[in-house]
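S.K.: Going by the working numbering, the first residue of the sequence shown is number 28, and it counts up by one from there.
Note that beta-carbon positions come from the ideal geometry of N, C-alpha and C, so glycine has one too.
Structure in structure tokens, see below.
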Amino acid sequence: METYLIIAGILCVIIVISSKLFSRHETPEKSSCPACGKRYGGNPRNCPHCGEKLRW
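Below is the structure:
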């Protein structure tokens, strides 16, 4: 009985760690505006927050 609990605990830890690793890769890369410091996604020409022209 105790061995089943240990195996179940180890499996839960493995599942939690692997889900955290894979969730990082699914999120898109976000950059931050050099003027206001806020983060934005995609590839805009101007910052959606302050309107600063972004350099590429």
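Measure the alpha-carbon distance for I100 versus F49 and round it to whole angstroms.
M.R.: No statement about residue 100 is possible, as the shown extent of the chain runs from 28 to 83 and does not include it.
S.K.: Is E53 helix, strand or coil by DSSP?
M.R.: With a pLDDT of 48 at E53, under the threshold of 50, the predicted position of this residue should be treated as unreliable, though the coordinate-derived value follows. Note: E53 maps to helix in three-state DSSP.
S.K.: Pick helix, strand or coil for K65, following the three-state DSSP scheme.
M.R.: Note: K65 maps to coil in three-state DSSP.
S.K.: Per the DSSP calculation, K80 is bridged to which residue(s)?
M.R.: Answer by DSSP bridge pairing, in chain order: N73.
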